[in-house]
Amino acid sequence: MEYGMEERKIRVLVAKPGLDGHDRGALVIAQGLKDAGMEVIYTGLRQTPEQIVAAAIQEDVDCIGLSSLSGAHLELFPEVVRLLREQGADDVLVIGGGVIPQEDIPVLKEAGIAAVFTPGTSIQETVEFIRKNVRRHESDSQAPAGPVEPPEQIDHIGIAVSSIREALPFYTEQLGMRLIHEEEIADQQVRAAFLAVGESTVELLEPTSSDSPIAKFLAKRGPGIHHIAYRVRDVAARLERARKSGYALIDEAPRPGGHGKLIAFVHPKSTGGVLTEFCQRISE
Amino acid sequence: MSDFDVRYRKWEEDTEKSLQKFPERKKSFVTSSGIPVDRLYVPRGAGEEEQRAYLDKLGFPGEYPYTRGIQRTMYRGRFWTMRQYAGYGSAEETNRRFRFLLEQGQTGLSTAFDLPTQIGYDSDHPMARGEVGKVGVAISSLKDMEQLFEGIPLDRVTTSMTINAPASVLLAMYIAVGEKQGVPKEKLGGTIQNDILKEYVARGTYIFPPKPSMRLITDIFAYCSEHVPNWNTISISGYHIREAGSTAVQEVAFTLSNAIAYVQAAVDRGLDVDTFAPRLSFFFNAHNNFFEEIAKFRAARRLWAKIMRERFGAKNPKSWQLRFHTQTGGSTLTAQQPDNNIVRVTIQALAAVLGGTQSLHTNSRDEALALPTEESARIALRTQQIIAYESGVADTVDPLGGSYYVEYLTDEIERRALEYIEKIDEMGGAVQAVELGYMQQEIREAAYRTQMAVESGEEVVVGLNAFRVEDEPQPELLRVDPNLGKIRAEQLAELRAGRSQRDVEEKLAALKRAAEGTDNLMPYILDAVRVYATLGEICDVLRSVFGEYRPSHW
Numbered sequence: 100m101e102y103g104m105e106e107r108k109i110r111v112l113v114a115k116p117g118l119d120g121h122d123r124g125a126l127v128i129a130q131g132l133k134d135a136g137m138e139v140i141y142t143g144l145r146q147t148p149e150q151i152v153a154a155a156i157q158e159d160v161d162c163i164g165l166s167s168l169s170g171a172h173l174e175l176f177p178e179v180v181r182l183l184r185e186q187g188a189d190d191v192l193v194i195g196g197g198v199i200p201q202e203d204i205p206v207l208k209e210a211g212i213a214a215v216f217t218p219g220t221s222i223q224e225t226v227e228f229i230r231k232n233v234r235r236h237e238s239d240s241q242a243p244a245g246p247v248e249p250p251e252q253i254d255h256i257g258i259a260v261s262s263i264r265e266a267l268p269f270y271t272e273q274l275g276m277r278l279i280h281e282e283e284i285a286d287q288q289v290r291a292a293f294l295a296v297g298e299s300t301v302e303l304l305e306p307t308s309s310d311s312p313i314a315k316f317l318a319k320r321g322p323g324i325h326h327i328a329y330r331v332r333d334v335a336a337r338l339e340r341a342r343k344s345g346y347a348l349i350d351e352a353p354r355p356g357g358h359g360k361l362i363a364f365v366h367p368k369s370t371g372g373v374l375t376e377f378c379q380r381i382s383e
Numbered sequence: 218m219s220d221f222d223v224r225y226r227k228w229e230e231d232t233e234k235s236l237q238k239f240p241e242r243k244k245s246f247v248t249s250s251g252i253p254v255d256r257l258y259v260p261r262g263a264g265e266e267e268q269r270a271y272l273d274k275l276g277f278p279g280e281y282p283y284t285r286g287i288q289r290t291m292y293r294g295r296f297w298t299m300r301q302y303a304g305y306g307s308a309e310e311t312n313r314r315f316r317f318l319l320e321q322g323q324t325g326l327s328t329a330f331d332l333p334t335q336i337g338y339d340s341d342h343p344m345a346r347g348e349v350g351k352v353g354v355a356i357s358s359l360k361d362m363e364q365l366f367e368g369i370p371l372d373r374v375t376t377s378m379t380i381n382a383p384a385s386v387l388l389a390m391y392i393a394v395g396e397k398q399g400v401p402k403e404k405l406g407g408t409i410q411n412d413i414l415k416e417y418v419a420r421g422t423y424i425f426p427p428k429p430s431m432r433l434i435t436d437i438f439a440y441c442s443e444h445v446p447n448w449n450t451i452s453i454s455g456y457h458i459r460e461a462g463s464t465a466v467q468e469v470a471f472t473l474s475n476a477i478a479y480v481q482a483a484v485d486r487g488l489d490v491d492t493f494a495p496r497l498s499f500f501f502n503a504h505n506n507f508f509e510e511i512a513k514f515r516a517a518r519r520l521w522a523k524i525m526r527e528r529f530g531a532k533n534p535k536s537w538q539l540r541f542h543t544q545t546g547g548s549t550l551t552a553q554q555p556d557n558n559i560v561r562v563t564i565q566a567l568a569a570v571l572g573g574t575q576s577l578h579t580n581s582r583d584e585a586l587a588l589p590t591e592e593s594a595r596i597a598l599r600t601q602q603i604i605a606y607e608s609g610v611a612d613t614v615d616p617l618g619g620s621y622y623v624e625y626l627t628d629e630i631e632r633r634a635l636e637y638i639e640k641i642d643e644m645g646g647a648v649q650a651v652e653l654g655y656m657q658q659e660i661r662e663a664a665y666r667t668q669m670a671v672e673s674g675e676e677v678v679v680g681l682n683a684f685r686v687e688d689e690p691q692p693e694l695l696r697v698d699p700n701l702g703k704i705r706a707e708q709l710a711e712l713r714a715g716r717s718q719r720d721v722e723e724k725l726a727a728l729k730r731a732a733e734g735t736d737n738l739m740p741y742i743l744d745a746v747r748v749y750a751t752l753g754e755i756c757d758v759l760r761s762v763f764g765e766y767r768p769s770h771w
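Read top to bottom, the protein sequences are chains A and B. When we follow my numbering, the leftmost residue of the first sequence carries the number 100, and every step to the right adds one. When we follow my numbering, the leftmost residue of the second sequence carries the number 218, and every step to the right adds one.
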């Protein structure tokens, strides 16, 4: 079967840190990378390093291209790398360009900028560098292992709501589903209500802070289905298979999900827009 | 006598008269072989049809439609103003560079501000991080402005300031420095760029959305026409549009479309076109395609004269005249073999002079690498001086007028630019075209085409995709003190502690009320500046009323 088998495109964030308004180079490069088959996101002008890193993580990019012609590169480029490391996203390739004196290049490289492209660099050079150096090698995406069993069942469906209290009556009173329990999951900044339907559950997810992933989801797409979790026998094997097939993983390894579950998420960017969870019961 | 002869004689007589007031540089001009050089060469003795076309399309210098120049004698009277853009680091450092340039024979000042200043942030604002003093001088309060012009009498120089979104504030500071020096504002001369539309299109230092920005601009037009009569209230700029990648035709078209929007906004506000139009000025680029560039300047002049006379019904000939500053093309310079850039700059500067510029900035050879060193800045200025004093091109008016090729290119640029202008008119004008992202898209496509042509080798850039050398030596570069941000933060803390907070709050509150109403904001800004309210504080007040511009296109 060929579903979802196409190679994942290299994703690049082209970013303008600082106040510099010279975006000709950034825009030309963005277009050039697009024409070379990459997916390109451009931040627009006046981005702080914090905003750039947040965008890179949210967009799950493989590479960040920083552009500055105002002389602020020594202060701003290394800060982007530092923040990426701090947030555990240091597998993102960071490159830079602009009006940058030769003698600054070793300093930037020392700080973790993989390459610096000064005026006169061809788009082709940049494309080749990115292809060669992004971590997620396209060559990894070999044919997947043979046939695979379907998941045992849908473990649960996560639904993002602004307010559990307001959403609940539809499920309990209209559909007659049973509320199993409610809990606050602090590290996800979310409150969850679990409703039983046969062997599966529906989880209503309400954000407890504006930084919560659910809050961001609501802001971007409004209330609705947030993710679908499939119950599988072996999360690690599923994850490895997905990784080899070139799907974008949110979790590189299975992690405990509470209630005796081992879980891992696959990024919606590569699954046709559905945040997908693998879920394995390790104890009853 | 033919119509041509009559008008030519009249022009000669009028010019003779004007010479009593504005004499030429020399009694007579001759070539190195002693051949006399006339003020002007015209198609005398040509056929009737040719002469009629001449009168229609070219006319005489100093007369409608100004194709051959806006003054009768052009550079035989006075050379263009040599105005090198300078500014970096602190006000003290830039003050030293200003004095150096004046000592070297520069005839006007041109101030580069750092990005925080251009975007209305004080040096200690979090967004200013890494940018303080980098691309220009950091100015946060009147105190900095006093230091910037220390020892430079403002009645003896003209000053151009590359400032757009917060132009009112910097102009107010300049007026206040004049007051302290005892120079009344009626005597101040200079230019503020004040061209917000091209910031949205190409340059990026916008603050407020288009509508309140247009109000700030028309406030300046109205205020200056009454109080600062010698001030150029706007410098409508094609420079940055070209740097962003446009063609020469687009540069003319988009600049004049923007200009039309400003004039229309002021007219809609009830200003009589002839009260403010004579103070409009323009700013163009000069790239390498020599004859096209010359033709571009001539075409722009003719187009503008027609627009002002026919479209806006301006009656004052000064309103018809397109006066412009030129800067050579930064994006044409290469980081490779930087000394080659001196030659590029020479060709470009020559095009500007042959195109009849009123003032000129020649780029320094090291601008693709960093801010210019003092030595590079001197060579750039010397380039202009050599063109002026040694080449002889300034000895006759519009020496290329009548060249079949140049006139053909002039006609073509005018025709093609007009097509764009009409298209933008159909969209509802420049403000709408900017909001739709139309100009941005056109420029981006042109920039990409250029890049592709260079990468394929179809377009040769010497030293870059041809004639390269290995192992280039690295030139000396200018460095801005990396601690400047910290030093500036301390200075600002000191300033805020030493001024009357009550005065500041009072003036800012008055400004806020005015911004919410319809009063001209200039007097309120001037009041706030005088009590040392900072640029950032003033802009924050305006942000709170006007909001901030967020581009929706890229």
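Glycine residues also receive a C-beta, built at the ideal position from the N, C-alpha and C atoms. Quick caveat: nothing in here was measured; it's all calculated off a predicted structure.
I need the straight-line Cα distance from residue i to residue j, nearest angstrom please.
i	j	result
M100(A)	V247(A)	Here M100(A) scores only 37 on pLDDT, less than 50, and its place in the model is too uncertain to base an answer on.
R496(B)	N449(B)	5 Å
D239(A)	L192(A)	Reliability of the predicted coordinates at D239(A) is poor, the pLDDT of 45 falling under 50, and the value obtained from them is presented with this limitation in mind. Going by the C-alpha atoms only, they are around 17 Å apart.
E237(A)	K133(A)	Here E237(A) scores only 44 on pLDDT, less than 50, and its place in the model should not be relied on; the value that follows carries that caveat. If I take the Cα positions, the gap works out to 17 Å.
M104(A)	L338(A)	Here M104(A) scores only 42 on pLDDT, less than 50, and its place in the model should not be relied on; the value that follows carries that caveat. The straight-line gap from Cα to Cα measures roughly 15 Å.
E765(B)	A478(B)	21 Å
Q241(A)	G345(A)	Note on Q241(A): pLDDT 45, under 50, position unreliable in the model; the coordinate value appears next. Cα-Cα distance, rounded: 8 Å.
A419(B)	I603(B)	33 Å
L374(A)	V113(A)	25 Å
G120(A)	Q323(B)	29 Å
F684(B)	G219(A)	14 Å
S369(A)	E227(A)	24 Å
S177(A)	G196(A)	In the sequence as displayed, the identity of residue 177(A) is Pro instead of Ser. When rounded, the distance between both Cα atoms is 13 Å.
I755(B)	A727(B)	11 Å
V746(B)	D612(B)	46 Å
L168(A)	L586(B)	9 Å
D489(B)	R459(B)	31 Å
I434(B)	R713(B)	29 Å
L288(B)	S769(B)	In the sequence as displayed, the identity of residue 288(B) is Gln instead of Leu. Going by the C-alpha atoms only, they are around 43 Å apart.
DSSP has residue i in a bridge; who is on the other side?
i	result
S581(B)	Per DSSP, none; premise fails for S581(B).
W448(B)	G407(B)
C756(B)	C756(B) is not bridged to any residue.
H255(A)	T300(A), A328(A)
G323(A)	A259(A)
A303(B)	T328(B)
V113(A)	Y141(A), G164(A)
For a minimum of 4 consecutive residues, which ranges assigned as the alpha helix (DSSP H) are wholly contained in the region 138-209 of chain A? You should have 148-157, 172-185, 204-209.
Along the region 330-362 of chain B, what residues have a CB closer than 7 Å to any CB found in chain A? Contacts with chain A (Cβ-Cβ distance below 7 Å) from the region 330-362 of chain B involve L332, P333, I336, M344, R346, G347, E348, K351, V352, listed in chain order.
Which residues, in chain order, does the region 179-199 of chain A contribute to contact with chain B at a C-beta distance below 8 Å? Those residues of the region 179-199 of chain A that come within reach of chain B (Cβ to Cβ, closer than 8 Å) are V198.
Taking three-plus beta-carbon pairs below 8 Å as touching, is the region 490-505 of chain B in contact with the region 434-448 of chain B? At 8 Å Cβ cutoff, the stretches touch.
Any C-beta of chain A within less than 8 Å: which residues of the region 686-712 of chain B qualify? For the region 686-712 of chain B, which is checked against every Cβ of chain A, the residues closer than 8 Å are Q691, L694, V697, P699.
Counting Cβ pairs, one atom from each stretch, are 3 or more of them under 8 Å apart for the region 284-303 of chain A and the region 245-254 of chain B? Judged by Cβ distances under 8 Å, the region 284-303 of chain A makes no contact with the region 245-254 of chain B, as fewer than three pairs qualify.
For the 8 Å Cβ check, are there 3 or more pairs between the region 550-557 of chain B and the region 673-683 of chain B? Yes: the two stretches touch, three or more of their Cβ pairs being nearer than 8 Å.
Contained beta strand (DSSP E) runs [length at least 3] in the region 491-555 of chain B, N- to C-terminal order: As far as the region 491-555 of chain B is concerned, its whole beta strand (DSSP E) runs of at least 3 residues are 497-503, 541-545.
Anything in the region 216-236 of chain A with a Cβ closer than 7 Å to a Cβ of chain B? List those residues in chain order, please. If the cut-off is 7 Å between Cβ atoms, the region 216-236 of chain A has T217, P218, G219, S221, I222, Q223 near chain B.
For the 8 Å Cβ check, are there 3 or more pairs between the region 346-365 of chain B and the region 701-711 of chain B? Yes: at least three Cβ pairs fall under 8 Å.
Using 8 Å as the Cβ pair cut-off and three pairs as the minimum, do the region 403-419 of chain B and the region 377-390 of chain B touch? By the Cβ criterion, the region 403-419 of chain B is in contact with the region 377-390 of chain B, since at least three pairs of Cβ atoms, one from each stretch, lie closer than 8 Å.
Members of the region 662-689 of chain B that neighbour chain A once the beta carbon cut-off is set at 7 Å: Taking 7 Å as the Cβ-Cβ cut-off against chain A, the residues of the region 662-689 of chain B that qualify are A664, Y665, Q668, E672, L681.
Kindly confirm or deny that the region 504-512 of chain B and the region 564-584 of chain B touch, where touching means at least three C-beta pairs closer than 8 Å. Taking a contact to require three or more Cβ pairs closer than 8 Å, the region 504-512 of chain B and the region 564-584 of chain B qualify as touching.
4 or more residues per run - each alpha helix (DSSP H) lying fully within the region 611-644 of chain B: Annotation: the region 611-644 of chain B contains the following complete segments of the alpha helix (DSSP H) (minimum length 4 residues), in chain order: 621-644.
Along the chain, which unbroken stretches of the alpha helix (DSSP H) at least 4 residues long are found entirely within the region 380-427 of chain B? Considered as a whole, the region 380-427 of chain B harbours 384-398 as its complete alpha helix (DSSP H) runs of no fewer than 4 residues, in chain order.
Report the residues of the region 459-480 of chain B with a CB closer than 8 Å to any CB of chain A, ordered along the chain. Flagged, chain order: E460, A461, G462.
Residues from the region 419-450 of chain B in contact with chain A, defined by Cβ distance under 7 Å: Identification of residues in the region 419-450 of chain B having a C-beta nearer than 7 Å to some C-beta of chain A yields R420, G421, T422, given in sequence order.
Do the region 575-583 of chain B and the region 296-310 of chain B make contact, defined as three or more Cβ pairs closer than 8 Å? Taking a cut-off of 8 Å for Cβ pairs, the region 575-583 of chain B and the region 296-310 of chain B touch, as three or more such pairs fall below it.
Does the structure place the region 636-651 of chain B close enough to the region 464-478 of chain B that three or more beta carbon pairs sit under 8 Å? Taking 8 Å as the limit for Cβ pairs, the verdict is that the region 636-651 of chain B does touch the region 464-478 of chain B.
Compile a chain-ordered list of the residues in the region 528-552 of chain B whose CB is closer than 9 Å to at least one CB of chain A. Considering only beta carbons, the part of the region 528-552 of chain B lying closer than 9 Å to chain A consists of S548, L550, T551, A552, in chain order.
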